[in-house]
Amino acid sequence: MSGPTPTMLPVTRGVRRAVWSYWSRPFEVHHHQGWVSRKHHLLAWILSVHTARQHYPETSLVTDEAGAAMLVDGLGLPFDQVSTELETLEGADADWWVLGKLHAYRAQETPFVHLDTDVFLWKRLPRAMEMAPVLAQNPEHFPFVGSWYRPEAFDVAVQATQGWLPTEWIWYVSQRRGEALCCGVFGGNDIGFINHYADSAIRFIKHPLNQTAWDLIGFKIGDNILFEQYFLSACIAYHAYHETSPFYGVYAHCLFGSDADAYTPAKAEAAGYTHLIGGAKRDVALANKLETRVARDYSQDYRRCLEYLCRTEAAPQVQPDRETP
Amino acid sequence: MRIPDSSEHMIAGQLAYSRYFARQLVTAADLNADQTYFRELVRRHNRYLHGCGVVCGLEVLLGEDDDGHPQVVVTPGQAISPQGDDIHVPEQQAIPMDEVEECIGPNQERRLYIVLRYTETPLCPVPTLPGPCMPTAGLQFSRLQAGFALACIVELPSACGEEPACGDLTCELLRDAASPDAPPPDTATCASAVCPDHGADPWVVLAALDLDAHGAVSAIDYGVRRRVLSVQFLIEALRCLLPRVTAIAPSYGVQGTRMLALVHGERLADARDVRFEEGVIARIVSQPQDGGWILIQMDIADDAALGPQGFQVITPRGIANSVACGVQFTVLPGLAGYGYGYGYRPYGAYGDYATSGIGGNLL
C-alpha cells in the first residue's frame, strides 16, 4: 500500500535575485569624490548591473527618487523592480551612507545578493554561497585595538553618553573580537536573520540615545563599516553561539576565505570577481579600462550614459584610452 | 651617685664631637661627648623637622582593672617630646582613676590633662676604681634606659607651642618676597619664622579629661593633642586628597581622528582641563559630581606624535599626572585614506593591491 504521492514543492531556496541600492544624497555630498569622475560612477553601474544579470536575471534597485531618475530614467538600466523606499531617508544624516544599504537589506523578502556599484560579477557565485543563510565577500581580520575599525571608541562613546547598544554588539565587543565581513556582495537565504541584523544596525545608528555620542565623535563617514560589516559579524557570531536564538546556527559563506585570498589576483580571477574597492575607484588606469569595457560591451548604455551626462552636467573629466571606440 | 635628669636632654647650643688620635688617653668624657653629639643631632632633627607631639597610638581610653575599678588606659604608641626625644610606649598603660582624681587641685578643676614625658632610668651599677680624687671604690650606673612617664596635670603644658592658623601657614608657604619696609613676620603665627621653642616643659599632651561632679570622666578631648605626622601618614593623606587618574578608555587613538574617551580616576570632580602632548587636543564633555570619571572629546592631529604619551587632568584639588599613575594614551599611525568617506579599509592595508582593488585585472 502506498500513501499519497508527495507534492513536489517548488525549490525556492537559493539566491536568484540581484539587488542594488543607491541613496543619492551621500553620493552627492561626498561619495562622488571616491570616483575618478561621475561618468565612471555611472559606467560602473552599467557594468555591475549587466554582468550580474547574466547570472541573476531578476534584478532590483532600492533607491530614492533622484536615484531612480538617474539610473532608470537616465541610464535606462533594466531593473525588474525599482523601489524608492530610500525616500524615507530624507532628513537623515548623509554621513551615515550605510543607511541606504541597510534599508535595502531590510526590505528584502526573498533570498538575494546585494552588490555594491563597484562590484562586477564575471561569474555566478558558487552554489554553496547561493544556498547559505548569509553570504559575503570575505572575512576581514584586524587587531581589536588600533585598527581601521574602532569598535572600542564607539562602545565607550555610547556607554559614556548613556546610549543604547544592541545585545550582539555588547557580547561581541566584550570578547574584543576583531573580525568583520566585507560586504562587497552580501545577501543570503535567511531573510529573517538578515532583517533582524539590518533592523538592529539601523536602530543602532538612529537610536535617539546615541545621537549625543555620534555628535561628539564628529567625523564618522569612515566608521560606517562598523555598523555594516563589524556588526554583521557580531550578529552572526552571537546567534550562531546562542542555542536559544531563533537564528541559532546561522553562518556566512564567503566568496573568499580571507583578506589575503581576496587580494590575490589569481583567486579573484578564479572567482570571476572584481571589486574596485577603496582607492581603486580613483585609479585612472582602471577607470580607463572600465570605460573601454563598457563602451565595447555595452555601447548603447555607454552612449546613453554620455547623453545623460551632457544633459545633466559638465563634460567627462578623463578621456578614455585610444582604443576606446 | 648622681642620676641624670631628663631636663638635661634639651636641645643644646653648639655641638662638638670627639676627635681621636693615636696614643690618646680616651676618657669617659670623650666617649660621652660623642653620644651627646649624635643624640643631640637626633633631637634637633626630630624637633625641627618633625615637631613635637604624638606620632601614633597613645589613645586615651576608659577601662576597668581586673577588680572592676575604673581606670584610664593609654594604648601603645610613639611621641616626640618638646626637646626632641623619642618617647616609645611599648605596651598599654593604665592609670587608676584614684590617681587621676588625686590630680584635682585645691581649685577642684574639672579638666585634667593626661601627659607623657621622656625619662631616663640609670641601670647596671658597677664599682668604680679608686683614683686620686676618689680613694675609695664606689658605684656608678653603667647604663641609662630610655623610658617614659605618664601623669595627669591640671595646667595645660605649652611646650609644643600653639598651632598656627591655617591661613598663616598658607601665606608663609607661598611667601617668596617681602618689602624691605615690611615688619618682620609675626613669630606668634608664622610657624617657620622662628625655630620652635623647646623650653623646660617636658610634657606631651595626650588628651584632656573632663570630669563630672562625681569624679567620673564625662569627655575625652583630643583637641589639645599636638600631632607629628609620619611621612607614611602624609603620603596616605595625599593619596586621599589629590586627584588621581586610574585609566583611560580607549587607551589608544589614531592620527587624524576624533574620538571620545573616558578618563577614570578619583577626585577628578570639577576638572577644568585635560591636557595631552602636542597634537592631541581634548575637550571635557561631561563629568559627574563624584569625580569618578571625565568624558572627553579628543582630536588627534594627522601629525600627532606616535606612541604612548601621558596627560594631565587639571582640577581644583591639583593636577593628576597620568604617567605618575601608570596610565598612558597611545597614538597610532594615521591610516592613509581613512575617513575619506568610503568606509573601506585604508589603501595602505591592501599592500600592492592598493589601486587594483580585487580582480581589477579582469576589467
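So the protein sequences, as listed, match chains D and S. In this text, residue positions in the first sequence follow numbering that gives the first Met the number 0: the first is 0, and each later residue adds one. In this text, residue positions in the second sequence follow numbering that gives the first Met the number 0: the first is 0, and each later residue adds one. The beta carbon of each residue, even a glycine, is placed where N, CA and C say it ideally should be.
- Using a Cβ-Cβ cut-off of 7 angstroms, residue 151 of chain D counts as an interface residue toward chain S, since at least one Cβ of chain S sits closer than that to its own.
- With a threshold of 7 angstroms between beta carbons, residue 288 of chain S makes no contact with chain D.
- By the CB criterion at 7 angstroms, residue 219 of chain S and residue 262 of chain S fall outside the cutoff.
- Cβ-Cβ separation between residue 355 of chain S and residue 279 of chain D: approximately 6 angstroms, consistent with a contact (criterion under 8 angstroms).
- Ranked by Cα distance from residue 58 of chain S, the first of S/98, S/103 and S/203 is S/203.
- With contacts defined by Cβ atoms closer than 7 angstroms, residue 234 of chain D and residue 167 of chain D form a contacting pair.
- Residue 249 of chain S belongs to the set of residues whose beta carbon lies under 7 angstroms from a beta carbon in chain D.
- Interface annotation, residue 217 of chain D: in contact with chain S, CB-CB separation under 7 angstroms.
- Residue 235 of chain D has a beta carbon lying at 7 angstroms or more from every beta carbon in chain S.
- For residue 19 of chain D, the three-state secondary structure derived from DSSP is strand.
- For residue 45 of chain S, the nearest beta carbon of chain D is not closer than 7 angstroms to its own beta carbon.
- Taking 7 angstroms as the threshold, the shortest C-beta distance from residue 67 of chain D to chain S does not fall below it.
- Just so you know, the alpha carbons of residue 257 of chain D and residue 150 of chain D end up roughly 21 angstroms apart.
- In this model, residue 225 of chain D and residue 302 of chain D are separated by some 38 angstroms (Cα to Cα).
- Setting aside the 5 residues that flank it on each side, residue 78 of chain D is surrounded in the same chain by 58, 59, 60 and 71, each with a C-beta closer than 7 angstroms to its C-beta; the list follows chain order.
- Contact between residue 281 of chain S and residue 296 of chain S holds: CB atoms are separated by about 7 angstroms, below the 8 angstroms threshold.
- Taken atom to atom, the span from the alpha-carbon of residue 31 of chain S to that of residue 50 of chain S is near 26 angstroms.
- Remark: C-beta atoms of residue 114 of chain D and residue 51 of chain D approach each other more closely than 7 angstroms.
- For residue 276 of chain D, at least one C-beta of chain S is nearer than 7 angstroms to its own C-beta.
- Every unbroken stretch of the beta strand (DSSP E) spanning 3 or more residues and falling wholly within the region 261-301 of chain D is given here in chain order: 272-274.
- With respect to residue 159 of chain S, residue 81 of chain S sits close: the two C-beta atoms are nearer than 7 angstroms.
- Along the region 275-301 of chain S, the positions whose C-beta sits under 7 angstroms from a C-beta of chain D are 284, 294 and 296, read in chain order.
- Taking a contact to require three or more Cβ pairs closer than 8 angstroms, the region 252-269 of chain S and the region 77-92 of chain S do not qualify as touching.
- In the DSSP annotation of this structure, the continuous segment of the beta strand (DSSP E) that includes residue 82 of chain D starts and ends at 80-82.
- Look at the region 120-189 of chain D and you find these whole runs of alpha helix (DSSP H), each 4 residues long or longer: 126-130, 150-159 and 166-173.
- Residues of chain S whose Cβ lies closer than 9 angstroms to the Cβ of residue 268 of chain D are, in chain order, 358, 360 and 361.
- Between residue 180 of chain D and residue 228 of chain D, the beta carbon gap of about 5 angstroms places them in contact (Cβ cut-off 8 angstroms).
- Taken in chain order, the members of the region 258-276 of chain S whose beta-carbon sits within less than 7 angstroms of a beta-carbon on chain D are 258, 259, 260 and 261.
- For residue 275 of chain S, the number of other beta carbons within 10 angstroms of its own is at least 16, and it is reported as buried.
- Residue contact with chain S for residue 292 of chain D: present (Cβ-Cβ distance below 7 angstroms to some residue of chain S).
- Taking 4 residues as the minimum length, the alpha helix (DSSP H) runs contained wholly in the region 218-251 of chain S are 230-240, in order along the chain.
- Residue 118 of chain D is positioned such that its CB atom lies closer than 7 angstroms to that of residue 274 of chain D.
- Remark: fewer than three beta-carbon pairs, one from each stretch, lie closer than 8 angstroms, so the region 15-25 of chain D and the region 259-278 of chain D are not flagged as touching.
- Within chain S, the residues whose beta carbon sits less than 9 angstroms from that of residue 144 of chain D are 249, 250, 251, 329 and 331, listed in sequence order.
- One finds 264, 279, 282 and 285 in chain D with Cβ atoms closer than 8 angstroms to the Cβ of residue 355 of chain S, taken in chain order.
- Note that the C-beta distance between residue 194 of chain D and residue 105 of chain D is below 7 angstroms.
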